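The structure appears below as structure tokens.
Quick look at the structure:
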């Protein structure tokens, strides 16, 4: 019998969905544990950080790191797991591109703290207490992770071997990747996106599309009577499918919701938001500056629409002023 | 990727660059940059010894990328590409850093200009790494030419081509050839008969075996590209390699100026209506009387913010021509020439003005920008038909001029069909509907669409000799391309990677040259590289990254930007 692989799953700045997607392997979990020892997985196992620290370097065969790098704890674990792992995979949109937590790069640390600890409707903080990384109490010093100003992708902190995109990644893709490693298949070149395809969503999308994507205004999904057949863009609804890798099985569009872009850009695209934005710009059916402005104004939350998962990864990275 | 071996050449351009940029220091510092094998400075890189320097280095040092820091690539990119080719390197492995027009010429601080020059060169070094070899492509030329418009310009071009043995399809919208020249009596400054000049040309055209004339014909949709255009005329397919657009002019509609009462006051007429009187030898007012006084008003619809800002170029001289003609036919009639500025440029034209000014005529000046003259019907006590009231600019006085007849010197506008034709042949127009030439000085008869030329008054107001010169120039350009048998087409075109294209068709409608079509079987967009001009619009719009503009790829541009910021 082949020796079992050592497998780790870790969450950085994440919602937990990626870990759940791992759990979603359901009965395939038996296949996984047949081939692998789960050596570290905070959502399911009680392995301590110090246990990981004591592992020899390269002890873990495969680490799936999900979540962005938002604080010193995320960074510490990213660096630690890099050292201890043969293959480090950025698992899910947050590790890959910064994801939803990455939208916080539209603000700085002070603005975020002000909102969260002083201003939010549910906050009562008469003493104006803010989190302190170090705090002395009679029993000794308490320590919490330091909150960074920027959210970063995993690759902006450590060397990453592969990217497995999605919010969360499709569980089937995870199993395929896992089994490929188990079976010693030829792995793609380092730095590749795995568990996704090179062509974008439209290639797999069954909706009818033409070159007539001209619209006078952009609509949100609830504002149209979707016929279930016509390309969302042609109905005036912004769908990020054209600038997003396929591989998820066009799940959102199959469920009659436009693509939000979680699988990230196709291979030749450096900045998916910019790409989608210029594609959308070609759709405005007017040459009159006022009408064009009106049409642009109908795009609700442009950053959140075009860069929903990718601000730290994009050329923009963050808001500066 | 093969090992990068970059050669960097910093040009002094005499003192043009060297006076403001420390070129020696740059060459020294740049030789330290990663992958730069040689870096040199030289007095004139574009000179033969300068080019030989590059060629020798390429061969000796096995260089595979070249950066020339010199003038604008518009100036010498082709020169240096040829040098690379001579050395056996693909010409597109060159990148130029413009340290003259965009650096030395526009700065006054030598230190800062040198820093900027270095940034620009570092950007070029980063970019050139990603350059890809591109191959020249050429297509054969069909020898026939389509000429749209049968006025003097179209006719002149047609004869030039036909006499050289080339087929011409001459298409005219109206029922006769000759255009506006049919309506003109004499020409300035020698007072030759327009009819005589035109008739001779017309009989040549009509009887020419190489010219096929289509009257009462409007041009249909044109397909194809330089060397290989085609269209349908009266249901028959015709094929041609080049197009000359000579759609001509439309006289300004004088009734648009309320002050002049044109259309309401019967003895206010336009210059073309007066030409008609001259031709028939019958200068009479509407009531059939010989006019005792005639006033001529210049700049009607020209050089005025409200109508057209440009000068129509022929009206002043035409007015002087009228003075001569009226003088000889009706020596007793007094003439008032009411002008804004007298513009009599052109060969023998100033002389014509000076001899005319000695005739029996009164010149008066009006302010065409702020205060147009007002024409009204004279009262029964006046001994004339019309009164022109205006502030005479030289005296500053408001004066009234009596006239039995007023001639309005109407300006030129683009022909009403110009817009439609522009769309069919793929040429652009400036704001006032005249066609835009490729370059106002260096390429005045070509357009940005290869194989399409614009001649005569459809390009801008001009007189007969200028129109004919343009027509002949365009014919010469076309004969030169025909002589070459083939024509090189744009190499830096767009390219769609079928493995990445998702078939969303965003690119198709943004292409200004209709160069992209959809392959319904493969479900991908396809670029016709002969039609493509490499403008890059599709590459910008493509959401998948499948459409790329060769030589202007994202990675090339982003690396260039990176390079720009790499030196602090």
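Chains as they are written, first to last, in the working numbering: chain A, 1 to 321; chain B, 322 to 889. Positions of the beta carbon are idealized from the N, C-alpha and C atoms, including for glycine. Source: prediction; values computed, not measured.
Measuring only the C-alpha atoms, how far is residue i from residue j?
i	j	result
residue 620(B)	residue 285(A)	40 angstroms
residue 465(B)	residue 560(B)	7 angstroms
residue 2(A)	residue 154(A)	31 angstroms
residue 889(B)	residue 450(B)	Low confidence applies here, because residue 889(B) scores a pLDDT of 49, under 50, leaving its location unreliable; read the following figure in that light. C-alpha separation (whole angstroms): 21 angstroms.
residue 322(A)	residue 48(A)	The structure shown does not extend to residue 322(A), since chain A spans only 1 to 321, so no value can be given for it.
residue 801(B)	residue 296(A)	49 angstroms
residue 810(B)	residue 797(B)	20 angstroms
residue 353(B)	residue 279(A)	42 angstroms
residue 182(A)	residue 85(A)	15 angstroms
residue 440(B)	residue 857(B)	25 angstroms
residue 900(B)	residue 509(B)	The question about residue 900(B) has no answer, for chain B in this structure spans 322 to 889.
residue 379(B)	residue 421(B)	24 angstroms
residue 632(B)	residue 228(A)	59 angstroms
residue 760(B)	residue 787(B)	17 angstroms
residue 705(B)	residue 720(B)	15 angstroms
residue 330(B)	residue 434(B)	17 angstroms
residue 136(A)	residue 130(A)	15 angstroms
residue 565(B)	residue 814(B)	25 angstroms
residue 612(B)	residue 736(B)	33 angstroms
residue 845(B)	residue 35(A)	42 angstroms
residue 707(B)	residue 657(B)	13 angstroms
residue 688(B)	residue 712(B)	8 angstroms
residue 341(B)	residue 431(B)	5 angstroms
residue 715(B)	residue 685(B)	8 angstroms
Among the residues of its own chain, which have a CB less than 6 angstroms from the CB of residue i, if the five just before and after it don't count?
i	result
residue 818(B)	867
residue 492(B)	469, 535, 538, 540
residue 584(B)	576
residue 519(B)	499, 502
residue 874(B)	none
In the DSSP assignment, the beta strand (DSSP E) including residue i goes from what residue to what residue?
i	result
residue 89(A)	85–91
residue 18(A)	Residue 18(A) -> not in any beta strand (DSSP E); alpha helix (DSSP H) instead, spanning 17–23.
residue 405(B)	Premise fails: residue 405(B) lies in the alpha helix (DSSP H), 394–407, not in any beta strand (DSSP E).
residue 467(B)	466–469
residue 571(B)	570–572
Quick one: list the residues of chain A neighbouring residue i, beta-carbon separation under 8 angstroms, in chain order.
i	result
residue 831(B)	282
residue 879(B)	270, 315
residue 862(B)	278, 279, 281, 282
residue 875(B)	268, 269, 270
So, for residue i: in the same chain, excluding its five sequence neighbours on each side, which residues have a beta-carbon less than 7 angstroms away from its beta-carbon?
i	result
residue 816(B)	848, 869, 871
residue 876(B)	451
residue 256(A)	226, 228
residue 78(A)	12, 65, 69, 154, 157, 158
Cutting at 8 angstroms between CB atoms, please list the residues of its own chain near residue i, excluding the five before and the five after it.
i	result
residue 414(B)	385, 386, 387, 405, 449, 452, 454
residue 106(A)	303, 311, 318, 319
Mind pulling the chain A residues with CB within less than 7 angstroms of residue i?
i	result
residue 840(B)	Under the 7 angstroms cutoff, chain A gives no residues; its nearest Cβ is about 13 angstroms from residue 840(B).
residue 825(B)	202, 209, 242
Quick check on the DSSP output: the alpha helix (DSSP H) that includes residue i runs from which residue to which?
i	result
residue 723(B)	Premise fails: residue 723(B) lies in the beta strand (DSSP E), 719–724, not in any alpha helix (DSSP H).
residue 55(A)	No alpha helix (DSSP H) contains residue 55(A), which DSSP labels as neither H nor E.
residue 525(B)	515–528
residue 638(B)	636–650
residue 458(B)	First-last for residue 458(B): 458–461, but that is the beta strand (DSSP E), not the alpha helix (DSSP H).
residue 376(B)	369–382
residue 674(B)	670–678
For residue i, return the contacting residues in chain A, with the cut-off set at a CB-CB distance below 9 angstroms.
i	result
residue 885(B)	The premise fails here: residue 885(B) is roughly 14 angstroms from chain A at the closest Cβ pair, so nothing lies under 9 angstroms.
residue 814(B)	Neighbours of residue 814(B) on chain A: none; closest Cβ ~17 angstroms, over 9 angstroms.
My understanding is that residue i touches residue j, with C-beta atoms under 8 angstroms, so please give their C-beta distance in whole angstroms.
i	j	result
residue 447(B)	residue 881(B)	6 angstroms
residue 367(B)	residue 397(B)	5 angstroms
residue 681(B)	residue 645(B)	Not quite, the Cβ-Cβ distance comes to about 11 angstroms (not below 8 angstroms), so this is no contact.
residue 808(B)	residue 548(B)	5 angstroms
residue 595(B)	residue 505(B)	With 8 angstroms as the limit, residue 595(B) and residue 505(B) do not qualify as a contact, their Cβ atoms being about 11 angstroms apart.
Starting from residue i, find everything on chain B with Cβ-Cβ shorter than 8 angstroms and list it in chain order.
i	result
residue 267(A)	821, 866
residue 198(A)	820, 821
residue 216(A)	Residues of chain B passing the Cβ test: none, with the nearest at roughly 15 angstroms.
residue 206(A)	Within chain B, no residue comes near residue 206(A); the closest Cβ sits about 12 angstroms away, beyond 8 angstroms.
Given that residue i touches chain B, what residues does it touch there, using C-beta distances under 7 angstroms?
i	result
residue 213(A)	827
Cβ closer than 9 angstroms: which chain B residues qualify as neighbours of residue i?
i	result
residue 50(A)	Correct list: empty, because the minimum Cβ distance to chain B is about 41 angstroms.
residue 190(A)	Per Cβ cutoff of 9 angstroms: no residues; residue 190(A) is ~16 angstroms from chain B at best.
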